[in-house]
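J.: For reference, the structure I am asking about is given below.
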Amino acid sequence: MKPQGSLMYAESIGRHFSADADLVPPDHPRILPELLVMPFDEDGLLFVGTREPQLIRGKAARDLLPRLVPQLNGRSTVEELASRFPQLTPGTIRNAVTLLYSRGLLEDGCPPPAAADLQDVDSFLGRFVDVTRVNRNRRQALDRLQASSVLVGGSDEAADLMQRQLSGSGIGRLGLEKDSAPSLPGCSLLVAVATRESDDLASLLERARQHGVWALHVRAAQDIVQIGPLFMPGQVCCYRCMREIHDLPRGDADPDLVSLWLGMAALEAFLVLSRLGNPRLHNGFELYERTRHGIVNQYRYVVGMPGCSRCGLRGPVLDPKTPALLSWLLHASVSMPPHELRSPREHQNHYNASNITLTLALNEPYYGARVVALPTARPLDGPLPWLQAGPQHRGIDVEELATLLWYAAGYQKIDGGGAPWRIAPTAGGLGSPEVFVVARQVDGLPEGLYRYHSPRHVLESLKASSLPLMQAALGIATALPPCTIVGTGALGKVRSKYQNFSYRLVNLDAGVALGYLHDVAAALITTKRSPRRSVCRLPTTATCPRSRSGSAAKTHIRRRSSRPSGRRC
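Per numbering that gives the first Met the number 0: the sequence shown = residues 0 to 568.
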């Protein structure tokens, strides 16, 4: 259930879906029959049984939905459903269907019943078919399972137990690798299992790599269990690179727990084959460690090592004990999953109620700060700046500064009173770059430290620290230039939507903002980009909230000499 602050109207969600060709509601909507639907408070309807409980509020939730839900049987189109409610305005039924679909409560069509021995599997597939939205309904997911071929390899006892765990899950062909070695090239997935310290999976996983077969690694030791990675030939890493980073766990598996661990591994294999679960094991593995405090779960990343011929990566070999490896692991941890594992559901995250609210939220002002009004930005209607020599200019004035700030981080009002648009594009429309100004010799602007509040196009005066401290924080050994623009990234805001991938996006946003600053400055004045990329915390040099701290990029505005100078990066 979403908190009150994340409520969205059905009309709004319907409008977003209709404007995006990648969001396709079901042609023949069917409410999932496994759901439990019950009244909640005076104006709510609660749906339980999918990945997350969903609470829909409003007058229509207690008036329209109870009449509409029984009609959602997978045999009628949205237009046919609308014709049964002639008293409603056009689009109301479509918006309601879109709302239910966006919350994971519908599938498309009315699939035929599954075989008697697969009824539980069929029900599970139906309840969670919307987690990835790769399958339009439960039948498509079941067809994927029945078309798949799985081999289990490893020690005899572990392989036999894993085969029993996977049986009855709808997999079309399931066997042991030792009995089906010639058919390895044609299987969909190899599950490599080890439950003893002496079990060596290297040769088995190498054969799978050579034949282009996906392989799920599973190792249960005395106190440590590793479920994953999912080795995909040509993607991320190989088994040898994994073992260069992560040591082999010691000891044999606890016989009282081995069935539990292999059952969890079987579920991961089931989700991969049915495409029912979000991809996670492509760049790491689930680590379960038994400690004196109980079993602790962590996710550990893997990455192909430079110089590995199996992974096809060139470059010098990295020492696993150096910081260079940590940087390489970080780079891999924020990479997108392979194309084969991406899901349409991820795209709809843009239209989740919380993310829409996050996108619409503008930076708040620094309450109590002295506000300095900025003039309207100057129109840039001349030739492209990089096609001509820059103008001869001997300083910067407040109008030019306002132009720089507006194009790099400002908002443009939309005709009709809609929400303003950020001029420079940012990831997810979140407007992560925020700009600060150190003004020393700006015509028309008192010397000081300012924060640019982009929604109002004004400067907010901050209390600056001493000049030496500011120079040290900005990484400037000499005297400060007439104007220094410092950009920060709202990593926390971006991470709430994009998780680990936000690290890359914040840096991409910073690059776009810097590009706008330099191109606009090229048409107005001379700029010098700081050759040193530094990380500074603004609270050490200015009075502002600590949540604003983050990676900073700097642009220095200097006076132009009589002799033109080139840009330096």
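Note that beta-carbon positions come from the ideal geometry of N, C-alpha and C, so glycine has one too.
(1) Taking all protein chains shown into account, do 16 or more other C-beta atoms lie within 10 angstroms of the C-beta of residue 260, making it buried, or fewer, making it exposed?
(2) Pull up the distance between the alpha-carbon of residue 121 and that of residue 425, whole angstroms please.
(3) Which word fits residue 26, buried or exposed, when buried means at least 16 other C-beta atoms lie within 10 angstroms of its C-beta?
(4) Within this structure, are the beta carbons of residue 573 and residue 147 separated by less than 8 Å?
(5) The alpha helix (DSSP H) that contains residue 240, what's its start and end?
(6) How many angstroms separate the CA atom of residue 63 from the CA atom of residue 331?
(7) What three-state label does DSSP hand residue 250 in the structure shown?
(8) Ends of the alpha helix (DSSP H) at residue 322?
(9) Which term fits residue 94, buried or exposed, when burial requires 16 or more other beta carbons within 10 angstroms of its beta carbon?
(10) Using the rule of at least 16 other Cβ atoms within 10 Å of the residue's Cβ for burial, across every protein chain shown, is residue 164 buried or exposed?
(11) If residue 22 and residue 53 are in contact, beta carbons under 8 Å, what's the gap, nearest whole angstrom?
(12) Put residue 148 into one of helix, strand or coil per three-state DSSP.
(13) Take residue 28 and list the residues in its own chain whose beta-carbon comes closer than 6 Å to its own, dropping the five residues that flank it on each side.
(14) What first and last residue would you give for the alpha helix (DSSP H) that runs through residue 8?
(15) How many Å lie between residue 189 and residue 212 at the Cα?
(16) Three Cβ pairs or more, each shorter than 8 Å: is that satisfied between the region 481–491 and the region 435–450?
(17) Comparing the CB of residue 188 with every heavy atom of the ligand ZN, is any distance shorter than 7 Å?
(18) So, helix, strand or coil for residue 349, using DSSP?
(19) Who are the near neighbours of residue 532 in its chain, counting only those whose CB is closer than 6 Å to its CB and skipping five residues on each side?
(20) Between the alpha carbons of residue 475 and residue 520, how many angstroms are there, rounded?
(21) Based on Cα-Cα distance, which residue from 116, 522, 358 lies nearest to residue 402?
(22) Return helix, strand or coil for residue 497, following the three-state DSSP convention.
(23) Would you list the residues sitting across from residue 460 in a DSSP beta bridge?
T.: In short, the structure shows the following:
(1) buried
(2) 42 Å
(3) Counting every other CB atom within 10 Å of its CB across the protein chains shown gives residue 26 a total below 16, marking it as exposed.
(4) Lying before the first or after the last residue shown, residue 573 is absent from the chain, which here runs from 0 to 568.
(5) 238–244
(6) Their backbone Cα atoms lie some 48 Å apart in a straight line.
(7) coil
(8) 322–332
(9) buried
(10) buried
(11) No, residue 22 and residue 53 are not in contact; Cβ-Cβ is about 18 Å, not under 8 Å.
(12) strand
(13) 71, 96, 105
(14) Note, residue 8: premise wrong, no alpha helix (DSSP H); not H, not E.
(15) 7 Å
(16) yes
(17) Questions concerning the ligand ZN fall outside what the structure shown contains, since it holds no ligand whatsoever.
(18) Note: residue 349 maps to helix in three-state DSSP.
(19) For residue 532, the pLDDT reaches just 41, beneath the cut-off of 50, and the residue's location in the model is therefore unreliable, leaving the point undetermined.
(20) So the alpha carbons of these two residues sit roughly 20 Å apart.
(21) The residue with the shortest Cα to Cα distance from residue 402 is 522.
(22) Note: residue 497 maps to helix in three-state DSSP.
(23) 449
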